[in-house]
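Take the sequence shown: its position 128, counting from 1, is numbered 119 in my numbering, and each next residue is one higher. Don't be surprised by glycine CBs; every beta carbon is placed ideally from N, CA and C. From a predicted model like this one, the values you see are computed outputs, not experimental measurements.
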Amino acid sequence: MTSTTTGRRARNRAARHDQLLAAATELVAESGLDGLTMQGLSERVDCAVGTIYTYFPSKSALVASLMGDAIRHLMDTYHRAAARWDRELDDVDEPTAALTRILAFTQLFVASRELHPREFEFLQMLITTPESLIDPDDVASVLPQSLAFLADIHQLLEAAVQVGALDAVAGDESFRRTLRWTGAIHGALLVSNVADVSGLPNADAFSASGLADSVTRDLMLAWGAQAARLDDAEAELAILSADGLVVPTADASPAEP
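Here you go:
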């Protein structure tokens, strides 16, 4: 077998793998996780069920792959946006710029629920899906992508510590901050789900962006940020937002001016 043939087969297999993930995503969007079956997926892509199992040994493994793919997609969106923030904040003092990136990430994460609804749903599933639907071992297979995303988020806080915008902490407390912050944003999004309830008093208080922005500001203040500097960061964020740079468009890239 020539290397050319081997390379072509590898590309074909990768293309089929991506096709299966795309079709599975569509099925989940249409019928929910319970409606995703290997038989249904085989019918959607017009192939034998046995072929599906050569890519994914179980439905649980398939769901885990969907979750991992979703995390990578959301990370790509963040990296694309962060590159644009860095260019625009180049002339801003470092502590204010560091806090602005934290505030911008909060807004981007909230916006991801509408910008990439399917991917965001799979991210939520990673946290909430019961063991009856996905095996813990398959969840563990998504751990590298999950930790990579957490590392990106963690770096935002660490960068703010390094320039004096946040207080330094010892040991693993730094990583615990990351978990508390991301958990708080997730919690804000869950609370915001009741905003559509008819007749709900003070419905504006349940705004996803408002809640997430508030919990982020409260945590930054608790972790040593100066209120005046946070105000400056919010002003910088408003400029980024007005220029359409907080949430990137689908075709935006770091190379854009």
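As assigned by DSSP and simplified to three states, the class of residue i
i      : result
Phe140 : helix
Ala246 : Note that Ala246 has pLDDT 38, beneath the 50 cutoff, so the model's placement of it is unreliable and the number below is only indicative. Three-state DSSP puts Ala246 in coil, outside helix and strand.
Pro239 : coil
Leu212 : helix
Phe47  : coil
Thr28  : coil
Pro135 : helix
Gln10  : helix
Ala192 : One detail in the question is off: residue 192 reads as Pro in this sequence, not Ala. Coil, per DSSP.
Ser198 : coil
Leu65  : helix
Asp84  : coil
Asp37  : coil
Leu157 : coil
Gly23  : coil
Arg0   : helix
Ala5   : helix
For residue i, the first and last residue of its enclosing alpha helix (DSSP H)
i      : result
His107 : Segment: none, His107 is in no alpha helix (DSSP H) and carries neither H nor E.
Gly174 : 164 to 183
Val130 : 127 to 132
Asp222 : 218 to 233
Distance cut-off 7 Å: residue i Cβ against heavy atoms of the ligand GDP
i     : result
Ile62 : Absence of the ligand GDP from the depicted structure is noted, as is the absence of any ligand whatsoever, leaving it without description.
8 Å Cβ cutoff, residue i in contact with chain D
i      : result
Val238 : As a matter of chain content, chain D is missing from the structure shown, which is built from one protein chain.
Anticipated Cβ contact below 8 Å, residue i with residue j, distance rounded
i      : j      : result
Val154 : Pro86  : 5 Å
Leu18  : Arg35  : 6 Å
Ala72  : Val237 : 7 Å
Ala89  : Ala150 : 5 Å
Arg104 : Leu180 : 7 Å
Gly59  : Gln136 : 5 Å
Take every Cβ of the stretch 199 to 208, pair it with every Cβ of the stretch 57 to 74, and state whether three or more of those distances are shorter than 8 Å. In short, these stretches do not touch, since the Cβ pair count stays below three.
May I ask you to verify whether the stretch 93 to 113 touches the stretch 227 to 238, counting CB pairs closer than 8 Å and requiring at least 3? Short answer: they touch.
Flag this pair as touching only if the stretch 3 to 12 and the stretch 100 to 110 have three or more C-beta atom pairs under 8 Å; answer yes or no. No: the two stretches stay apart, fewer than three of their Cβ pairs being nearer than 8 Å.
Within the chosen definition, does the stretch 172 to 181 reach the stretch 203 to 214 through at least 3 CB pairs nearer than 8 Å? Segments in contact, yes.
Could you check whether the stretch 130 to 143 touches the stretch 53 to 60, counting it as contact only if at least three pairs of C-beta atoms, one from each stretch, sit closer than 8 Å? Contact holds: three or more Cβ-Cβ distances are below 8 Å.
Is the stretch 79 to 89 touching the stretch 106 to 113, taking contact as three or more C-beta pairs under 8 Å? Short answer: they don't touch.
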